[in-house]
Amino acid sequence: MAEERRFLSASGVPIALRRRQHSASCRELAVRGPRLQLRSLSAATSAVWLAAYGLFALCENSMVLSAAIFITLIGLIIYLHFVKVDQESLLVIGSLGIQVTSAYASGKESTTFIEMGQVKDVVINEAIHMQKVIYYLCILLQDPEDPQGVSEVVPLFQSSKPRLDCLIEVYKSCQEILEQRKTAP
Amino acid sequence: MDLKDFRHLMNRDCMSIGVHPCRVTAMVLKVFFPSCCSSADSGILIGRWISEQNSAVILAVVHFPFIPVQVKQYLGEVQRVTKVSVSVLGSWSNSKQEKEESLSEFLEDLGTIFCHEPWIQISKEGDSKFWSCSILQKHSKNPQEEEIILVYYDQRKVMLSHLHPPLDTAGQRAEDASKLSAIFDTVARSQVLFMTDRYDEGPIKLTHWQSDGVEASIIVELLKQASVPGCMLLTFLLSLLSGICRSRLLKFWPLSFLWSKLSTCEQLGHRLQHLQVISSNKKAQNQNQLMRKANIFVSLLIDVALGILLMSWLYRKNRIGHLADTLIPVADHVAEELQDLLQWLMGAPAGLKMNRALDQVLGRFFLYHIHLWISYIHLLSPFIEMILWYVGLSACLGLTVALCILSDIIELLTFHIYCFYVYGARLYCLKIYGLSSLWRLFRGKKWNVLRQRVDSCSYDLDQLFIGTLLFTILLFLLPTTALYYLVFTLLRLLVVIVQGLIHLLVDLIDSLPLYSLILRLCRSYRLAAGVKFRVLEQQDGKPLRLLMQINPLSYGGVVQTYRLPTYSCYPRDSWASLCKKLFLGELIYPWKHKGDKQN
Chain A
78 MAEERRFLSA
88 SGVPIALRRR
98 QHSASCRELA
108 VRGPRLQLRS
118 LSAATSAVWL
128 AAYGLFALCE
138 NSMVLSAAIF
148 ITLIGLIIYL
158 HFVKVDQESL
168 LVIGSLGIQV
178 TSAYASGKES
188 TTFIEMGQVK
198 DVVINEAIHM
208 QKVIYYLCIL
218 LQDPEDPQGV
228 SEVVPLFQSS
238 KPRLDCLIEV
248 YKSCQEILEQ
258 RKTAP
Chain B
15 MDLKDFRHLM
25 NRDCMSIGVH
35 PCRVTAMVLK
45 VFFPSCCSSA
55 DSGILIGRWI
65 SEQNSAVILA
75 VVHFPFIPVQ
85 VKQYLGEVQR
95 VTKVSVSVLG
105 SWSNSKQEKE
115 ESLSEFLEDL
125 GTIFCHEPWI
135 QISKEGDSKF
145 WSCSILQKHS
155 KNPQEEEIIL
165 VYYDQRKVML
175 SHLHPPLDTA
185 GQRAEDASKL
195 SAIFDTVARS
205 QVLFMTDRYD
215 EGPIKLTHWQ
225 SDGVEASIIV
235 ELLKQASVPG
245 CMLLTFLLSL
255 LSGICRSRLL
265 KFWPLSFLWS
275 KLSTCEQLGH
285 RLQHLQVISS
295 NKKAQNQNQL
305 MRKANIFVSL
315 LIDVALGILL
325 MSWLYRKNRI
335 GHLADTLIPV
345 ADHVAEELQD
355 LLQWLMGAPA
365 GLKMNRALDQ
375 VLGRFFLYHI
385 HLWISYIHLL
395 SPFIEMILWY
405 VGLSACLGLT
415 VALCILSDII
425 ELLTFHIYCF
435 YVYGARLYCL
445 KIYGLSSLWR
455 LFRGKKWNVL
465 RQRVDSCSYD
475 LDQLFIGTLL
485 FTILLFLLPT
495 TALYYLVFTL
505 LRLLVVIVQG
515 LIHLLVDLID
525 SLPLYSLILR
535 LCRSYRLAAG
545 VKFRVLEQQD
555 GKPLRLLMQI
565 NPLSYGGVVQ
575 TYRLPTYSCY
585 PRDSWASLCK
595 KLFLGELIYP
605 WKHKGDKQN
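Chains as they are written, first to last, in the numbering used here: chain A, 78 to 262; chain B, 15 to 613.
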């Protein structure tokens with residue numbers, strides 16, 4: 078029940094959208110970003126080490142070299158654990174809620190679950206990002222005091238930033254499930 | 015750029031569908047099933063039916079055989095104790111072999127004895143992971159097929175965890191808040207149900223999560239028994255101590271002034287309050303107060319442990335003596351450096367040409383002051399070791415107290431720098447104010463005190479002459495004073511930064527919620543920020559299976575929620591007003607205490 082389609086992100090990087098239908102009211106949508114490139118990783122590492130070696134040749138202190146190794150290791154750990162997002166997924170369960178998960182390259186997962194009672198709608202928005210206009214999907218949260226108001230906007234797929242064609246795909250599948258909740262007697 | 019910033023740019027007209035104001039719950043039935051009951055023998059399911067959410071929270075399984083009347087009695091009793099409307103929700107059959115026809119009929123008949131709408135039937139065949147689940151509705155108007163979601167939950171974790179942010183139990187009922195908190199609340203309140211023992215020979219056999227019995231250790235019991243009189247004794251001593259502190263003898267002018275200036279006294283007072291909170295025999299009202307007490311207790315313990323560690327380090331190998339021996343030369347050295355600095359200022363510092371007469375006068379004045387200071391230090395030097403020895407004993411009250419004493423000692427030893435700063439600032443301030451008022455005179459204006467504004471005014475010729483003359487003199491003398499002011503302000507700022515760092519450390523130890531952090535590290539389910547679901551394997555025709563796990567609060571969230579309030583020195587001014595005050599030569603004190611009046 079899983080299908081996978083290829084799209085491009087806003088910056089032109091290829092991404093894959095995987096759709097899994099668990100049941101009539103439960104659907105999982107996952108956007109997988111590009112894998113970590115060995116080439117860019119080794120380029121960054123060798124740049125740091127070359128700079129450290131240059132500094133070492135100037136001041137002849139071997140502390141510089143060990144510091145460079147240390148910095149590379151710490152930087153790699155921080156990059157994998159906090160920065161590089163491997164996969165962002167959206168689990169929509171009708172009548173229960175929407176779960177947003179982003180999995181980091183190190184395996185760490187950060188999850189937020191939004192109950193259906195709080196979800197007002199899922200919409201596509203425009204935003205100005207750097208010098209261009211991009212589209213993004215977001216969940217509008219219901220304001221508890223005011224039934225018409227929106228208390229918060231939760232943006233989705235923040236790190237992969239898919240283009241509009243991919244977003245429309247996700248939007249349609251979300252709305253199919255959200256519709257069920259509204260048409261139900 | 016954060017996408018959240020663009021919520022105003024929402025383009026709703028083309029993309030979003032119309033928002034329906036009314037919301038109707040979908041006909042999806044959710045069954046929250048405790049994962050510990052999945053291997054239970056056949057029986058009936060008891061739990062709570064939450065009709066507005068169309069979900070059933072199953073708490074336990076009652077095994078065959080039972081007498082229906084006794085079950086009803088038992089449920090009534092449970093309801094009375096827990097205030098949760100527990101009822102029989104359906105049947106549970108766990109058949110090792112193939113399904114038997116007679117059993118299924120029997121299970122349906124059970125539905126007529128315990129009338130509940132809807133009647134849930136869950137059956138597990140063999141070791142299959144996929145259970146079949148059906149709903150019987152007798153008086154249903156719309157006999158449509160309902161979708162069922164089976165949600166497994168860990169009964170123990172859900173019972174022990176606390177959802178954040180915590181609810182106001184007085185103001186709002188848990189039912190109003192949200193679906194999940196209702197479920198958490200139901201499980202937590204039916205704790206009494208889980209206390210019954212597995213081997214208890216009662217009329218009813220239940221399966222649910224249960225503790226393996228409370229570990230009884232003699233030491234723990236003794237400690238529990240001893241803690242009550244211990245707390246009472248502590249409370250008595252503390253009330254005595256605070257009574258002495260509040261007595262009128264210590265309220266006279268010089269003493270009260272001294273207390274307010276010493277940070278050690280502030281810290282001791284703060285710790286006294288903490289001890290009073292811990293030793294009070296009032297039971298903690300809710301989770302937050304309990305956590306606060308535990309946090310204070312752990313922070314106090316860690317503080318004292320660190321203090322004793324420091325003390326044991328200080329008093330070994332005569333380190334106090336070494337410290338005292340180095341302290342006096344350091345103070346001497348600082349004074350010498352200051353003398354050199356003054357000599358340099360009295361010449362032509364950095365090639366600037368100063369007013370020679372004023373420069374000499376100021377330089378000599380400060381030199382004399384340093385001379386006084388050095389003789390004072392030398393007078394004190396024989397006693398320094400003894401003083402340090404006794405002061406070091408106070409480290410057993412905690413590391414924070416020791417740090418506060420260190421800060422006070424620094425303050426006392428750099429008193430001359432503070433004096434220089436005050437002299438320089440006063441002189442500079444006087445000049446700035448004189449110059450500004452004379453500048454107004456220069457332009458034919460004056461400050462009207464009554465109306466708080468600048469009025470124009472016609473001066474006599476000789477008034478103007480004298481004013482202009484004074485203005486010129488002040489203007490030409492300004493660079494010399496400004497230089498002295500600048501140098502001493504920089505020195506003062508250096509001392510203030512060192513003290514500020516010490517106070518930051520003290521604040522960190524005071525306010526860090528260590529108990530909550532340890533709880534988050536070891537029992538992460540206790541502090542829940544919410545839940546997360548995992549979709550388990552599916553099979554066609556069988557209900558959707560989800561696993562509900564607890565999403566722990568992040569470390570930042572823990573610190574934010576449970577941070578202990580400090581007596582705290584918070585910055586008195588913003589950076590801009592600080593710079594303005596520095597420029598105008600007003601005296602700056604970097605922080606103020608909460609109790610201080612605004613002056």
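Glycine included, C-beta positions come from ideal geometry on N, C-alpha and C.
Note down the Cα distance separating residue i from residue j, rounded to an integer number of angstroms.
i, j, result
"residue 601(B)", "residue 226(A)", "50 Å"
"residue 175(B)", "residue 543(B)", "10 Å"
"residue 518(B)", "residue 417(B)", "10 Å"
"residue 107(B)", "residue 205(B)", "25 Å"
"residue 92(A)", "residue 212(A)", "16 Å"
"residue 188(A)", "residue 181(A)", "11 Å"
"residue 590(B)", "residue 84(A)", "51 Å"
"residue 242(A)", "residue 147(A)", "43 Å"
"residue 349(B)", "residue 388(B)", "7 Å"
"residue 178(A)", "residue 169(A)", "11 Å"
"residue 405(B)", "residue 367(B)", "48 Å"
"residue 80(A)", "residue 90(A)", "20 Å"
"residue 576(B)", "residue 190(A)", "23 Å"
"residue 189(B)", "residue 44(B)", "Confidence in residue 189(B) is poor, its pLDDT being 44 and thus under 50, which makes the residue's placement unreliable; the coordinate value appears in the next sentence. Roughly 16 Å between the two C-alpha positions."
"residue 330(B)", "residue 491(B)", "56 Å"
"residue 505(B)", "residue 436(B)", "12 Å"
"residue 419(B)", "residue 334(B)", "15 Å"
"residue 279(B)", "residue 286(B)", "10 Å"
"residue 557(B)", "residue 162(B)", "6 Å"
"residue 54(B)", "residue 536(B)", "30 Å"
"residue 115(A)", "residue 142(A)", "22 Å"
"residue 109(B)", "residue 175(A)", "35 Å"
"residue 187(B)", "residue 98(B)", "Because the pLDDT of residue 187(B) is 46, which lies under 50, any placement of that residue in the model is unreliable, and the number read from its coordinates should be weighed accordingly. C-alpha separation (whole angstroms): 13 Å."
Could you check what DSSP says for residue i in three-state terms: helix, strand or coil?
i, result
"residue 79(B)", "coil"
"residue 164(A)", "strand"
"residue 528(B)", "helix"
"residue 100(B)", "coil"
"residue 144(B)", "coil"
"residue 198(A)", "strand"
"residue 71(B)", "strand"
"residue 220(A)", "coil"
"residue 540(B)", "helix"
"residue 22(B)", "Its pLDDT being 42, under 50, residue 22(B) is placed unreliably by the model, and the measurement read from it follows with that caveat. Residue 22(B) falls in the helix class under three-state DSSP."
"residue 176(B)", "strand"
"residue 210(A)", "strand"
For residue i, go through chain A and note every residue whose CB falls closer than 7 Å to its CB, in chain order.
i, result
"residue 558(B)", "99, 100 and 103"
"residue 42(B)", "102, 171 and 172"
Which term fits residue i, buried or exposed, when burial requires 16 or more other beta carbons within 10 angstroms of its beta carbon?
i, result
"residue 196(B)", "buried"
"residue 238(A)", "buried"
"residue 397(B)", "exposed"
"residue 82(A)", "exposed"
"residue 327(B)", "exposed"
"residue 173(B)", "buried"
"residue 184(A)", "exposed"
"residue 159(A)", "exposed"
"residue 99(A)", "buried"
Report the neighbours of residue i on chain B: residues whose CB is nearer than 8 Å to its CB, in chain order.
i, result
"residue 81(A)", "Near residue 81(A) there are no residues of chain B at all, since even the closest Cβ is about 17 Å away, more than 8 Å."
"residue 176(A)", "546 and 547"
Interface residues of chain A around residue i at Cβ under 9 Å?
i, result
"residue 90(B)", "Per Cβ cutoff of 9 Å: no residues; residue 90(B) is ~32 Å from chain A at best."
"residue 161(B)", "100, 101, 102, 171 and 172"
Closer than 9 Å by beta-carbon distance: list the chain B residues that pair up with residue i, in chain order.
i, result
"residue 189(A)", "543, 544, 546 and 565"
Run down chain A in chain order and give the residues with a C-beta less than 8 Å from the C-beta of residue i.
i, result
"residue 388(B)", "Under the 8 Å cutoff, chain A gives no residues; its nearest Cβ is about 41 Å from residue 388(B)."
"residue 553(B)", "Going along chain A, no residue has its Cβ under 8 Å from residue 553(B), so there is no contact; the nearest lies around 11 Å."
Step through the CB atoms of chain E and report whether any lies within less than 7 Å of the CB of residue i.
i, result
"residue 151(B)", "Of the protein chains in this structure, namely A and B, none is chain E."
Against chain B: residues of the segment 100-115 of chain A by CB proximity under 9 Å
100, 101, 102, 103 and 105
Could you please tell me which residues of the segment 161-172 of chain A, in chain order, have their CB closer than 9 Å to any CB of chain B?
168, 170, 171 and 172
Taking only beta carbons into account, state which residues of the segment 278-303 of chain B come closer than 8 Å to chain A, listed in chain order.
none
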